[in-house]
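Colleague: In the UniProt record's numbering, the protein residues as written are 1 to 192.
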């Protein structure tokens, strides 16, 4: 089941990479990351409340199975997102201490499960931790999805500009929403 879910996740990311529209990627990743961390937080709460140990027997209760699976799948998926969209993810992740704590817990949980000990998904947790600065980078660390540095430096300025524009737009939108709160008293000229 894990392999099927991973294939679906990787296909979704492949489609997102091929989108080639920074604004659209930013919006999609914004929604995706918020949902991912909400699920991760909820699953963590369920597992801790039930005293489920990552290296213990696989839970039999459906709710606990789902929570266990969600932690493993979403932690791996976040690793894939980090490696493919490091700048966008850092834009969010570096300013959110709750996400940092959650992903540290998720990495620790996944490492203890043994799911990532072997196979094609084994390097994902280590690469993610190094990319995020959670663990010290190996001397030979290289993000396998980064293209050559010349391409990255040439795209940095437009990318940063797009991020700033998107951030300004979102702040304006939030400000408008704040202003519109509450009941309004209207003046009617006919009453005067």
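Beta carbons: idealized from backbone N, C-alpha and C, even for Gly. Since this is a predicted model, take the numbers as computed values, not measurements.
When you compare the segment 53-73 with the segment 119-130, are there three or more beta-carbon pairs, one atom per stretch, that lie closer than 8 Å?
Modeller: Too few Cβ pairs lie closer than 8 Å, so no.
Colleague: With DSSP as the reference, label residue 41 as helix, strand or coil.
Modeller: Of the three classes helix, strand and coil, the one that applies to residue 41 here is helix, per DSSP.
Colleague: Can at least three beta-carbon pairs, one atom from the segment 4-19 and one from the segment 38-47, be found at a separation below 8 Å?
Modeller: No: the two stretches stay apart, fewer than three of their Cβ pairs being nearer than 8 Å.
Colleague: Which of the three DSSP states, helix, strand or coil, is assigned to residue 115?
Modeller: Correct three-state label for residue 115: coil.
Colleague: Can you give me the start and stop residues for the alpha helix (DSSP H) that residue 130 sits inside?
Modeller: Note, residue 130: alpha helix (DSSP H), 124-132.
Colleague: Report the option in 35, 5, 82 and 142 whose CA atom is closest to the CA atom of residue 73.
Modeller: Nearest C-alpha to residue 73: 5.
Colleague: Among 168, 176 and 175, which residue has its Cα nearest to the Cα of residue 23?
Modeller: The residue with the shortest Cα to Cα distance from residue 23 is 168.
Colleague: Could you compute how far the alpha carbon of residue 84 sits from the alpha carbon of residue 144?
Modeller: Rounded to the nearest angstrom, the two C-alpha atoms are 9 Å apart.
Colleague: For the segment 88-95 and the segment 23-36, state whether three or more C-beta atom pairs, one from each stretch, are separated by less than 8 Å.
Modeller: Verdict: yes, contact present.
Colleague: Which residues bound the alpha helix (DSSP H) around residue 76?
Modeller: Element bounds for residue 76: 62-84.
Colleague: Using only CA atoms, which one of 61, 46 and 93 lies nearest to residue 71?
Modeller: Per the Cα distances, 46.
Colleague: Around the Cβ of residue 80, are there at least 16 other Cβ atoms within 10 angstroms (buried) or fewer (exposed)?
Modeller: Buried: at least 16 other Cβ atoms inside 10 Å.
Colleague: If the criterion is Cβ atoms closer than 8 Å, does the pair residue 36 and residue 78 meet it?
Modeller: Their beta carbons are under 8 Å apart, which means residue 36 touches residue 78 by this criterion.
Colleague: To the nearest angstrom, how far is the alpha carbon of residue 108 from that of residue 136?
Modeller: Spanning the two alpha carbons is a distance of roughly 15 Å.
Colleague: Report the residue from 172, 68, 111 and 82 whose alpha carbon sits nearest the alpha carbon of residue 133.
Modeller: When only C-alpha atoms are compared, the closest one is 82.
Colleague: Do you know offhand how far residue 68's Cα is from residue 75's?
Modeller: Going from the Cα of residue 68 to the Cα of residue 75 covers about 11 Å.
Colleague: Measure the alpha-carbon distance for residue 61 versus residue 53 and round it to whole angstroms.
Modeller: Residue 61 and residue 53: Cα-Cα distance of roughly 14 Å.
Colleague: Distance check for residue 48 and residue 26, CA to CA, integer angstroms please.
Modeller: Each residue's Cα considered, the two are about 32 Å apart.
Colleague: Pull up the distance between the alpha-carbon of residue 127 and that of residue 173, whole angstroms please.
Modeller: Their Cα atoms are separated by approximately 36 Å.
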